[in-house]
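S.K.: Structure below; questions to follow.
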Amino acid sequence: MKSTKPTVLLLYGGKGCEADVSEKGAIYLRSLIPSDSYNLIPVFIDKGGGWFIKEPGNTAPPSPESAVTPAIKGGLGGIITSDGFLWADCAFPLLHGDFGEDGVIQGALAAANIPYVGADNYLGPLAMDKAYTKIIAESLGVKCAKSVLAIRGSGLYGMDRAKRIAEETFGYPMFIKPARLGSSVGASAVLSEEDFLRAYSAADAVCDGRVLIEELVDIATEAECAVFRVKNKEIITDFGSISCNFGFYDYEKKYSGESGASVSDFSDIDPRTKGIMREYSSRLTDVLGIRHLARIDFFITKKGEVLFNEINTMPGFTCGSLYPKLLERAGIDPSWAVSQMLEDARGS
Ligand SMILES: Nc1ncnc2c1ncn2[C@@H]1O[C@H](COP(=O)(O)OP(=O)(O)O)[C@@H](O)[C@H]1O
Ligand SMILES: [Mg+2]
64 MKSTKPTVLL LYGGKGCEAD VSEKGAIYLR SLIPSDSYNL IPVFIDKGGG
114 WFIKEPGNTA PPSPESAVTP AIKGGLGGII TSDGFLWADC AFPLLHGDFG
164 EDGVIQGALA AANIPYVGAD NYLGPLAMDK AYTKIIAESL GVKCAKSVLA
214 IRGSGLYGMD RAKRIAEETF GYPMFIKPAR LGSSVGASAV LSEEDFLRAY
264 SAADAVCDGR VLIEELVDIA TEAECAVFRV KNKEIITDFG SISCNFGFYD
314 YEKKYSGESG ASVSDFSDID PRTKGIMREY SSRLTDVLGI RHLARIDFFI
364 TKKGEVLFNE INTMPGFTCG SLYPKLLERA GIDPSWAVSQ MLEDARGS
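Under my numbering, the residue at position 30 of the sequence shown is numbered 93, and the numbers go up by one with no gaps.
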């Protein structure tokens, strides 16, 4: 079957630990993609990695008949459904973190000749790893928090060495987090040496063994911008900030309704600080080759210093998420932006 309208696979869920956020995002994204312009097929990926046609928000387990697999027919990509082959013009992998932003799904889509929105299978894994991203950022003159990477099982670069270097170069308090996970999973502050092992083990236990030990930044503001980038058009929005009066911004606070975290007005951050963040964002966007969308996150310290924190190549996309809010505030209709991304993906 081939639809007259372009067929878009909206991939959500996923094997990783951010499946719930992804599903919330899929509900919102579905509302942004007009059904008179696109034939949208929601594809849920379960924890086992299986693909199923299923509406986001439907809590019933997917039926075996709804199972699909990516495949190629006549040189073109699509999915094999219980009704036969369905050609797909492109996919929007709205998947976060591991098995989402790390290039795995992007590789599967590329192998099946399905064009897709977002970072490709080179940029995704690079941006997903905070340690690699920081090396690139620092090489561009973009300031970051001091850090040391510890690698599980490495004779040379294991925990003991990293702990010693961290103690010598910045000392306590520290902040320990997995290098390749999102949504604050496994992240915590360490106030003294007695607490080091607890925090380190908490990060190590939930990740693949790359643990980042950072100086604890005295954060006044966490500021973020949205990058929208399609052929011949690049927009880096103004910077929004999240006010946080309760320790750090963890998974619950990010996604629960009564978060206590709120997005401030753009005017809260002074023009000089914004200028620095804008310059840093331009360098990173260019060098990394951001595709379609990304959110770039910074810390502004209580002393007024700007530190780059991370890039999310598939930022949270729920109706309350910062990415669509930042676009809206910049005068960009998120629905229009999404259609531009889909067209750009199809054309590339
Ligand atoms: N070095 C640090 N010092 C103080 N707080 C930090 C530090 N690194 C991260 N945080 C806090 O933890 C949160 C999550 O860390 P982050 O690096 O953004 O990882 P992710 O969002 O991918 O889980 C940040 O939003 C911030 O509130
Ligand atoms: Mg973050």
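Glycine is no exception: its CB is placed at the ideal position from the N, C-alpha and C atoms. Remember, it's a predicted structure, so these values are computed and weren't measured experimentally.
(1) Leaving aside the five residues before and after F233 along the sequence, list all residues of the same chain whose C-beta is less than 7 Å from its C-beta, in chain order.
(2) Spell out the partners DSSP gives G76 in its beta bridges.
(3) Hey, is the segment 262-280 in contact with the segment 336-347, meaning 3+ C-beta pairs nearer than 8 Å?
(4) Tell me the start and end of each unbroken beta strand (DSSP E) in the segment 203-261 that is at least 3 residues and wholly inside, in chain order.
(5) Run through DSSP, which three-state label would A182 get?
(6) Who are P156's beta bridge partners in DSSP?
(7) Looking only at DSSP bridge pairs, what is V167 linked to?
(8) With a threshold of 16 other CB atoms inside 10 Å of the CB of T67, please say whether the residue is buried or exposed.
(9) In whole angstroms, what separates the C-alpha of V401 from that of T196?
(10) Given this structure, state the Cα-to-Cα distance separating R356 from L389, to the nearest angstrom.
(11) Per DSSP, what kind of secondary structure is F309 in: helix, strand or coil?
(12) Return the chain-ordered list of same chain residues with a C-beta closer than 7 Å to the C-beta of S251, the five sequence neighbours on each side being excluded.
(13) Using C-beta distances below 7 Å, list every residue in its chain close to F162, excluding the 5 sequence neighbours before and after it, in chain order.
(14) Enumerated in chain order, which unbroken segments of the beta strand (DSSP E) with a length of 3 residues or greater are wholly contained in the segment 261-303?
(15) Which whole-angstrom value describes the C-beta separation of A173 and N184, a residue pair presumed to lie in contact below a C-beta threshold of 8 Å?
(16) A283 to D360, Cα distance in whole Å?
(17) List the endpoints of the continuous beta strand (DSSP E) containing R354.
(18) For M404 and D152, what's the separation of their Cα atoms in angstroms?
(19) Say yes only if the C-beta of G245 is nearer than 7 Å to one or more non-hydrogen atoms of ligand 1, and no if none qualify.
(20) Extract the residue ranges of the alpha helix (DSSP H) inside the segment 373-411, only unbroken runs of 4 or more that lie entirely within it.
(21) What are the residues that DSSP puts in a beta bridge with K136?
M.R.: The short version:
(1) Once the five neighbours on either side are set aside, the close Cβ partners of F233 are K209, E278.
(2) BP columns for G76 point to I108.
(3) With the cut-off at 8 Å, the segment 262-280 and the segment 336-347 do not touch.
(4) List check, beta strand (DSSP E) in window: 210-214, 237-241, 251-253.
(5) coil
(6) L74
(7) V167 pairs with nothing; no bridge assigned.
(8) exposed
(9) Distance between V401 and T196, taken at the CA atoms: about 26 Å.
(10) Per the sequence presented here, residue 356 reads as Leu, with Arg not at that position. Going by the C-alpha atoms only, they are around 12 Å apart.
(11) For F309, the predicted model reports a pLDDT of 46, less than 50, meaning its position is unreliable; a value from the coordinates is still stated below. Looking at F309 - three-state DSSP - the assignment turns out to be coil, as it is neither helix nor strand.
(12) I239, A262, A265
(13) G77, K78, G79, I168
(14) Within the segment 261-303, the complete beta strand (DSSP E) runs of at least 3 residues are 273-278, 282-293, 296-299.
(15) 6 Å
(16) 14 Å
(17) Element bounds for R354: n/a, residue is neither H nor E.
(18) 13 Å
(19) yes
(20) 385-392, 397-410
(21) For K136, which the question treats as bridged, DSSP gives the partners L139.
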